[in-house]
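**Student:** In case it helps, the working numbering puts the sequence shown at residues 96 to 251.
Beta carbons are placed, not taken as given, at the ideal position from N, Cα and C, and that holds for glycine.
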Amino acid sequence: MTQPIPLGRSGITPHLVLNDASAAIDFYKAAFGAVEHCRMPGPDGRLMHAEMTIGDSLFMLADDFPEYCEGASRSAKTLGGTPVGLHRYVADCDAAVKQATDAGATVLVPPQDMFWGDRYAVVVDPFGHQWALATHIKDLTPEEMMAGMNSAFQQS
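(1) Examine the Cβ distances between the segment 160-175 and the segment 215-223 and report whether three or more of them are shorter than 8 Å.
(2) Which two residues bound the contiguous alpha helix (DSSP H) that contains D237?
(3) Helix, strand or coil: how does DSSP classify I149 here?
(4) Between the segment 199-218 and the segment 145-158, do at least 3 Cβ pairs fall closer than 8 Å?
(5) Give me the Cα-Cα distance between L111 and A119, rounded to the nearest whole angstrom.
(6) Does Q98 come out as helix, strand or coil in the three-state DSSP assignment?
Printed below as a string of structure tokens:
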């Protein structure tokens, strides 16, 4: 029987629009250890659809097709960035940042211990998408996080 959510999928799946999806696939493999599952090029070679996983998380990607979107480009690179970030938990935040930057990412927020109990950094991939990389280092109560947040804001 057909399921409304296909087996192995979750209710929300990131779908990245890119100015060069084929190059992004290579970058995500090198930067994050992503695994490619499918690639569907259109007649002109641009990717209509591709699927990858990082760990147990599936994401989709495609090239920008402004001709099908009322002439509007939708890639983060074309738009000058994106308001949506991707958050990834890793075993070693610092090592993950190094791997990503070695592959071509730019550091936006360097690795640092944060008030909510994570070692945390943000990198921007060559295609304009932001990736938060975090390692959970301390379990905190909501009250401890709030106190840490208040302290952090008083210092800035």
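**Tutor:** In short:
(1) A contact exists between the segment 160-175 and the segment 215-223.
(2) It should be pointed out that residue 237 corresponds to Pro in this sequence rather than to Asp. That run of the alpha helix (DSSP H) goes 237-250.
(3) If DSSP states are grouped into helix, strand and coil, I149 belongs with the strands.
(4) The segment 199-218 is not in contact with the segment 145-158.
(5) Between L111 and A119, the C-alpha separation is close to 10 Å.
(6) In the three-state reduction of the DSSP assignment, Q98 falls in the coil class.
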